[in-house]
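Residues in the sequence shown are numbered consecutively from 0, following numbering that gives the first Met the number 0. In this text, a Cβ means the ideal position worked out from N, Cα and C, and glycines have one as well.
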Amino acid sequence: MPRVLIGMSGGVDSSVSAMLLKEQGYEVIGATMKLWCGNSKETVEDAKRVCNILGIRHEVFDLQETFKNCVVNPFIEEYWNARTPNPCIQCNKELKFGSFYKKALELGCDYISTGHYASTCFSEEYKRYVLKKSKTEAKDQTYFLYGIPKEVLGKMIFPLENYHDKDEIRRLAKERNLPVASKPDSQEICFIHDNNYIRFLQENSNKVPKQGNIVDENGTILGKHKGLIYYTIGQRKGLGIAYKEPLYVVKLDPKENNVIVGTQEKLYQKELYANELNWLLFDKLERPMEVKAKIRYRAKEADAIVYPLEEEGRVKVIFKDSQRAITPGQSVVFYQGDMVVGGGKIIE
0 MPRVLIGMSG GVDSSVSAML LKEQGYEVIG ATMKLWCGNS KETVEDAKRV
50 CNILGIRHEV FDLQETFKNC VVNPFIEEYW NARTPNPCIQ CNKELKFGSF
100 YKKALELGCD YISTGHYAST CFSEEYKRYV LKKSKTEAKD QTYFLYGIPK
150 EVLGKMIFPL ENYHDKDEIR RLAKERNLPV ASKPDSQEIC FIHDNNYIRF
200 LQENSNKVPK QGNIVDENGT ILGKHKGLIY YTIGQRKGLG IAYKEPLYVV
250 KLDPKENNVI VGTQEKLYQK ELYANELNWL LFDKLERPME VKAKIRYRAK
300 EADAIVYPLE EEGRVKVIFK DSQRAITPGQ SVVFYQGDMV VGGGKIIE
């Protein structure tokens, strides 16, 4: 009987995933990662209750130090460097498919599993396992998963790959009397319980926001800002400046400590550069490639060409149509059909 280690967050998706794995004949071990002191207790208790009902073993991995070093500290540093990070992508890469996978090997598991909406399969064309989008586009979470190491893909199981909506998952949980059937989804960043990232940055760093100028693209001073951490690309509200037409944040300049603003059309660009790349269909991008690209989770895929650069580990992406609010610190993810080509972090 193959053994699988499933990450259990105490939510309905991972709970139903564990249930489905057991019904499919796997030997299932549920495991909860303690990642942050403020949210660990309820998560562990809910996951343990589900495991008891399912009659499966439950493990708790204390990964708080790793989480702080690999996710929280980089999150803080990115904001202070005038970039807008995506901590969920970093957590998946470093914790869920890094440290968690190592734990699975220690426990003699054949596979690891999560409650993400995605799928994997072996591609004869590429002679490797590939990551594919969920059957339901609206639920697809592959944007967050592009950082999975290639060698882990063949060991991944996504039990929810064929399910179309959350109501169906909740119905399954209710039918099996799982206590988390009606538990609301978590919307905020898991280590910022009130979603107030400004408070979090100030409480967890010895740095102080430095006031500076709000300027237009010509350098004309239009007002003052409270500190770059308060602003992100595309922001309109909270600028505190009067102008003949609406203005948006189009760039943050940490070198000069300026917030650069412009009209809405200035938010649209056709090019970006990215690094920290992870390719899933091949080992290295050798030549320009036509792809569909997403610059944030809720963005629509857009036609683009990704170009390898002479500088190792960087690419240039040119879109067919201009994209709104390309944001340094976020990720760009590349697709061909329903397969994930890879992705990287936007640097400019």
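Per DSSP, residue i forms a beta bridge with which residues?
i, result
"Leu-4", "Ile-28, Ile-111"
"Arg-56", "Ile-28"
"Ser-330", "Lys-344"
"Thr-119", "Leu-130"
"His-224", "Gly-211"
"Ile-156", "Ser-112"
"Asp-184", "Per DSSP, none; premise fails for Asp-184."
Which residue marks the beginning of the alpha helix (DSSP H) containing residue i, and which one marks its end?
i, result
"Leu-177", "Note, Leu-177: premise wrong, no alpha helix (DSSP H); not H, not E."
"Ala-17", "11-22"
"Trp-278", "No alpha helix (DSSP H) holds Trp-278; the beta strand (DSSP E) holding it covers 267-278."
"Asn-80", "First-last for Asn-80: undefined, no H or E at that position."
"Leu-251", "Leu-251 -> not in any alpha helix (DSSP H); beta strand (DSSP E) instead, spanning 247-252."
"Ile-294", "Here Ile-294 belongs to no alpha helix (DSSP H), and DSSP marks it neither H nor E."
"Lys-101", "99-105"
"Arg-198", "196-202"
Could you spell out where the beta strand (DSSP E) holding residue i opens and where it closes?
i, result
"Ser-127", "Residue identity check: residue 127 is Arg in the sequence provided, not Ser. Counting along the chain, the beta strand (DSSP E) containing Arg-127 begins and ends at 127-132."
"Lys-315", "314-323"
"Thr-262", "Note, Thr-262: premise wrong, no beta strand (DSSP E); not H, not E."
"Tyr-306", "301-307"
Under the rule that 16 or more other beta-carbon atoms within 10 Å means buried, what is residue i, buried or exposed?
i, result
"Val-27", "buried"
"Asn-91", "buried"
"Cys-120", "exposed"
"Ile-5", "buried"
"Tyr-125", "exposed"
"Asp-82", "Checking the sequence shown, residue 82 turns out to be Arg, not Asp. It is buried - the Cβ of Arg-82 has at least 16 other Cβ atoms within 10 Å."
"Cys-69", "buried"
"Lys-154", "buried"
"Pro-84", "buried"
"Ile-346", "exposed"
If residue i and residue j are in contact, beta carbons under 8 Å, what's the gap, nearest whole angstrom?
i, j, result
"Val-59", "Leu-177", "About 19 Å; that fails the 8 Å criterion."
"Val-258", "Leu-246", "In fact, because the Cβ distance is near 10 Å, the residues do not count as touching under 8 Å."
"Ala-303", "Val-290", "6 Å"
"Lys-344", "Tyr-142", "That belief does not hold up - the Cβ atoms of Lys-344 and Tyr-142 are roughly 13 Å apart, past 8 Å."
"Val-249", "Ile-232", "7 Å"
"Leu-284", "Val-305", "7 Å"
Do residue i and residue j have their C-beta atoms within less than 8 Å of each other?
i, j, result
"Leu-276", "Val-316", "no"
"Ser-118", "Lys-131", "yes"
"Ile-240", "Pro-208", "no"
"Met-0", "Ala-30", "no"
"Lys-149", "Arg-170", "no"
"Phe-99", "Met-32", "yes"
"Lys-319", "Ala-298", "no"
"Asp-184", "Gly-10", "yes"
"Asp-12", "Leu-152", "no"
"Leu-20", "Ile-191", "no"
"Gly-312", "Asn-256", "no"
"Tyr-267", "Arg-198", "no"
"Glu-77", "Gly-237", "no"
"Leu-94", "His-115", "no"
"Asp-166", "Val-3", "no"
"Leu-34", "Gln-63", "yes"
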